[in-house]
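Structure first, commentary second.
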Amino acid sequence: MKMLRNFDRITMVRSMLVHLGYFSRTQMRFTLMMIGAGWGIMREATRLTTWRRTVRIEFWTSLHQAVGGGILSTLVTAALTGFGIVAQTVYWLGFAGMAQMTGSILSTVLVREIAPVLVGVILLGRSGMLMLTELGTLTTGGQMRAMTGMGIDPFISFLVPRSLALTISGFTLGVIFSVTALLVGYAVCRVEDAITMPIWAFLDQVVSSVKPIDYFVIPAKFVFSGYAVGVCSCLSGMDVTTEDDLSSMMPRGFARGMLSIMAINVVFSVCFDG
22 MKMLRNFDRI
32 TMVRSMLVHL
42 GYFSRTQMRF
52 TLMMIGAGWG
62 IMREATRLTT
72 WRRTVRIEFW
82 TSLHQAVGGG
92 ILSTLVTAAL
102 TGFGIVAQTV
112 YWLGFAGMAQ
122 MTGSILSTVL
132 VREIAPVLVG
142 VILLGRSGML
152 MLTELGTLTT
162 GGQMRAMTGM
172 GIDPFISFLV
182 PRSLALTISG
192 FTLGVIFSVT
202 ALLVGYAVCR
212 VEDAITMPIW
222 AFLDQVVSSV
232 KPIDYFVIPA
242 KFVFSGYAVG
252 VCSCLSGMDV
262 TTEDDLSSMM
272 PRGFARGMLS
282 IMAINVVFSV
292 CFDG
């Protein structure tokens with residue numbers, strides 16, 4: 022009788038663990054897929070056999086589309102940010118008699134916190150959604166399965182080159198965004214006579230206010246935001262079923278991309294604060 026009770030308890034505990042594991046796995050499924058795919062991409066990228074001609078062509082095509090297609094959006098967004106944030110920051114700090122804090126606030130708020138998020142959103146909207154649509158259409162149409170049957174690995178052919186292309190694009194567009202926002206903000210302040218120092222002194226004030234750790238954090242945010250957008254968009258497109266269509270794929274992919282961008286920036290801000 023005692024053994025029967027112990028057996029019932031063990032069965033109940035096992036059942037609870039099974040349900041807990043099933044719940045955790047279903048809720049964390051895509052996150053675990055992203056972690057595994059992210060590690061796999063970095064590992065495959067170091068192998069020379071990965072970079073066959075078709076993979077190189079896909080990489081350069083994706084890089085050209087991401088940087089060339091996103092540079093205009095980046096410039097416009099940076100100009101609006103420079104007008105709305107940089108100019109107002111310089112004006113009101115000067116009005117309050119705290120002009121010496123201009124460089125510190127701009128380097129912390131604009132370059133470190135705002136720029137990586139906006140660049141990630143631009144990459145997600147301009148390139149990530151395009152990749153999601155292309156790969157989702159191939160998956161639902163059966164072409165992805167046909168390529169796998171012919172010996173073509175979709176992970177090597179699509180995920181690796183496109184994710185790495187968005188990684189480089191994130192850093193490139195991030196630098197362009199930061200410089201453009203500062204220049205436009207300075208120009209607006211100069212026209213409004215809110216600032217009298219030359220452009221080089223203004224940029225030196227901002228650069229000298231950057232903390233040593235930020236020389237790692239800021240580029241890392243740009244790089245990993247682009248990397249997360251690439252991995253998330255490609256995986257979302259390859260993870261669809263035959264029942265999915267554009268109306269269900271795109272909102273889900275956009276939400277996942279936004280969450281990945283915010284998660285990357287929050288993690289770096291919290292772990293390397295100060």
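Take the sequence shown: its position 18, counted from the start at 1, is 39 in this note's numbering, and no numbers get skipped. Note that the Cβ used here is the ideal one computed from N, Cα and C, for glycine as well. Source: prediction; values computed, not measured.
Ranking Ile239, Met63, Phe179 by CA distance to the CA of glycine 141 puts Ile239 first. Residue Ala208 holds the alpha-carbon nearest to the alpha-carbon of glutamine 109 among Ala167, Ser290, Thr193, Ala208. Residue Thr158 holds the alpha-carbon nearest to the alpha-carbon of glycine 258 among Val138, Ala99, Arg74, Thr158. In the structure shown, the three-state DSSP call for valine 231 is coil.
Taking the C-beta atoms as reference points, phenylalanine 179 is found no nearer than 8 Å to valine 244. Leucine 151 sits away from methionine 271, with the two beta carbons spaced by 8 Å or more.
The beta carbons of glycine 90 and alanine 202 sit no closer together than 8 Å. Where arginine 133 is concerned, there is no enclosing alpha helix (DSSP H), because DSSP gives it neither an H nor an E. If you draw a straight line from the Cα of valine 291 to the Cα of tyrosine 248, it is about 19 Å long.
Judged by DSSP in its simplified three-state form, alanine 222 adopts helix. Nearest C-alpha to arginine 64 among Thr161, Phe176, Ile92, Val200: Phe176. Within the same chain, no residue comes within 6 Å of leucine 101 by CB-CB distance, once the 5 residues on both sides are set aside.
Straight-line measurement puts the Cα of methionine 218 at about 9 Å from the Cα of arginine 211.
By the CB criterion at 8 Å, leucine 114 and valine 227 fall outside the cutoff. It is roughly 47 Å from the alpha-carbon of isoleucine 234 to the alpha-carbon of glycine 162. The criterion of a C-beta distance shorter than 8 Å is satisfied by serine 190 and alanine 87.
Here isoleucine 173 carries a coil assignment [DSSP, helix/strand/coil]. Alanine 215 carries a coil assignment under DSSP once its states are collapsed to helix, strand and coil. For serine 128, there is no enclosing alpha helix (DSSP H), as DSSP gives it neither H nor E. Here proline 137 is near asparagine 286, since their CB atoms are less than 8 Å apart. Non-local beta-carbon contacts of glycine 195 in its own chain, meaning distances under 7 Å to residues more than five positions away in sequence, involve Ala136, Pro137, Val140, Phe243 in chain order. Using a Cβ distance threshold of 8 Å, leucine 187 and valine 250 count as a contacting pair.
For the pair serine 199 and valine 132, the CB atoms are nearer than the 8 Å cut-off.
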